[in-house]
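A.B. asks:
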Amino acid sequence: MTYHKTPIRYGMVGGGKTGGIGKVHRTSAEMFDRFKLCAGVFSSNPEVSLESALEWGVSPDRNYRTYEEMAEKESARQDGIQAVVITTPNHLHDGPIKSFISRGIHVVCDKPLTISLDVAREIQDVVQRSDRVFMMTYCYTGYPLVREAKARIQRGDIGQIKMIKVEYPQGHLATPIEETGLKTFEWRTDPARSGQGGTIADIGSHAFHMLRYVSGLKVRSVSAELNSFIKTRRVDDNAIVNLRMENDAIGLIWVSQAAIGHENSLNFKVYGNQGSLEWSHTDPSKLWLYQLNKPKQLITRGSTETTFEARRATHVPAGHPEGYYEAFANLYLEAARAIYSVDNRQTIPTEVDYPGIEDGFEGMAFIDASLESAKRDCAWVDL
158 MTYHKTPIRY
168 GMVGGGKTGG
178 IGKVHRTSAE
188 MFDRFKLCAG
198 VFSSNPEVSL
208 ESALEWGVSP
218 DRNYRTYEEM
228 AEKESARQDG
238 IQAVVITTPN
248 HLHDGPIKSF
258 ISRGIHVVCD
268 KPLTISLDVA
278 REIQDVVQRS
288 DRVFMMTYCY
298 TGYPLVREAK
308 ARIQRGDIGQ
318 IKMIKVEYPQ
328 GHLATPIEET
338 GLKTFEWRTD
348 PARSGQGGTI
358 ADIGSHAFHM
368 LRYVSGLKVR
378 SVSAELNSFI
388 KTRRVDDNAI
398 VNLRMENDAI
408 GLIWVSQAAI
418 GHENSLNFKV
428 YGNQGSLEWS
438 HTDPSKLWLY
448 QLNKPKQLIT
458 RGSTETTFEA
468 RRATHVPAGH
478 PEGYYEAFAN
488 LYLEAARAIY
498 SVDNRQTIPT
508 EVDYPGIEDG
518 FEGMAFIDAS
528 LESAKRDCAW
538 VDL
């Protein structure tokens, strides 16, 4: 398929200059010239929103006060946005999603999908009844060697999966930092804005998606223990979840934001009856393959032995660093391919690979089941 050279016009809800994740989205979306920022309501503070618009070259008349105004006016413009990126706190996802989708605008949404399973069902219904592209930014699956691991598992390099372990420890919530007034920690530890799940939602959703993405196996039930190591904290900051999966495989997820000594140590280990695979976000250009009765093999990003799936997500030669921005940008590249196809009434190519509404809903089902299990003293709860 030949892709259009004209960038996709997009807007943002949230992501202003005083936040953190907005810069990641803008940089990643525009890295390969597939998207151009044209509009936004960048902050609930009108001054910050306008300053953000001016700094990023957005016309003041396309800096809006509400997402409703933005959706209405942009959908009426001949040069209106084709897609919107939603980077608000969790409780503010559903309104913009519904508003923009209903006006024919493609949506990219930060994780998790929303704050409850009931709201997630409403969003899923709206998205599935439309023909618009909807992408969740589970960004870590954009790494080339994560895709390499998935491809090798699919072709049988380690045989039938028996067990998968995903760990995602961080340490920034080891103290009651939300009491210092920092906004990003205030809302993430506020059940009204983050949902009832804390760490299990914030990074547990990433860990669960990684497990599902790499293994390709559905999860049947979970048994979860959720902890709040900071006793004044209203949400969990540590979680251990056992999983029962299809094909009699088992899984284990440990996520923590109170693990002193860890910054962002996402990793996975997948064990089959013929071998195993290991990958770590702290060294993302390496994938270790262990096969029965064979020497261990180190697979590096950009090397000749990588699969098509990894190569199409690689942008610089082997030995040159590639990292978080490029992985995030890979998701935006996939979204662009899907949007170009849909807008030109073409079938989305089978190799296009991005997290969709089903992944967002499954993530919410995992969070909901884990919360229920923890309330029932780690009882097994079906997804």
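Count the sequence shown with the numbering used here and you get residues 158 to 540, in order.
From the three backbone atoms N, C-alpha and C, an ideal C-beta is built for every residue, glycine too.
Assign Asn-202 to one of two classes, buried (16 or more other C-beta atoms within 10 Å of its C-beta) or exposed (fewer than that).
C.D. replies: Asn-202 comes out exposed.
A.B. asks: Going by the beta-carbon positions, is the gap between Ala-493 and Val-379 smaller than 8 Å?
C.D. replies: No, Cβ-Cβ distance for Ala-493 and Val-379 is not below 8 Å.
A.B. asks: Taking its Cβ as the centre, do 16 or more other Cβ atoms sit within 10 Å of Ile-387, making it buried, or is it exposed?
C.D. replies: Burial call: buried.
A.B. asks: Touching or not, the segment 495-509 and the segment 246-261, by the rule of three or more beta carbon pairs under 8 Å?
C.D. replies: No, the segment 495-509 does not touch the segment 246-261.
A.B. asks: Determine the DSSP secondary structure at Ala-522, reduced to helix, strand or coil.
C.D. replies: Ala-522: helix per DSSP, three-state reduction.
A.B. asks: Our contact map puts Ser-362 next to Val-427 with C-beta atoms below 8 Å; I'd like the distance itself, whole angstroms only.
C.D. replies: That pair is no contact at about 19 Å.
A.B. asks: May I have the straight-line CA-CA distance separating Gly-418 from Ile-310, to the nearest angstrom?
C.D. replies: Straight-line Cα distance between these residues: approximately 32 Å.
A.B. asks: What runs of the alpha helix (DSSP H), each 4 residues or longer, lie entirely inside the segment 329-377?
C.D. replies: You should have 340-345, 348-351, 356-359, 361-372.
A.B. asks: Along the chain, where does the alpha helix (DSSP H) containing Ile-310 start, and where does it finish?
C.D. replies: Where Ile-310 is concerned, the enclosing alpha helix (DSSP H) stretches over 301-311.
A.B. asks: When DSSP labels each residue in this structure, what does Thr-504 get in the three-state scheme?
C.D. replies: Reduced to three states, the DSSP call for Thr-504 is coil.
A.B. asks: So the candidates are Ala-531, Gly-520, Asp-539; which of them puts its Cα closest to the Cα of His-366?
C.D. replies: It is Gly-520 whose Cα lies nearest to the Cα of His-366.
A.B. asks: Taking all protein chains shown into account, decide if Glu-491 is buried (16 or more other Cβ within 10 angstroms of its Cβ) or exposed.
C.D. replies: Flag for Glu-491 reads buried.
A.B. asks: At the level of alpha carbons, what is the spacing between Glu-229 and His-477?
C.D. replies: Rounded to the nearest angstrom, the two C-alpha atoms are 45 Å apart.
A.B. asks: Rounded to whole angstroms, what's the CA-CA distance from Ala-225 to Ile-514? Just pull it up for me.
C.D. replies: Reading off the sequence, residue 225 comes out as Glu, not Ala. Cα to Cα, Glu-225 sits roughly 22 Å from Ile-514.
A.B. asks: Shortest alpha-carbon distance to Ala-475 belongs to which of Ile-496, Thr-463, Phe-485?
C.D. replies: Nearest option by C-alpha distance: Thr-463.
A.B. asks: My guess is that Arg-289 and His-263 are in contact by the Cβ rule of under 8 Å, so how many angstroms apart are they, rounded?
C.D. replies: Right, the Cβ-Cβ distance comes to about 5 Å (below 8 Å), so this counts as a contact.
A.B. asks: Rounded to a whole number of angstroms, what is the C-alpha to C-alpha distance between Ser-422 and Ile-407?
C.D. replies: Those two C-alpha atoms are separated by around 22 Å.
A.B. asks: Considering only C-alpha positions, which residue in the set Ile-496, Arg-469, Asn-384, Asp-314 is nearest to Gly-432?
C.D. replies: For Gly-432, the nearest C-alpha among the options comes from Asp-314.
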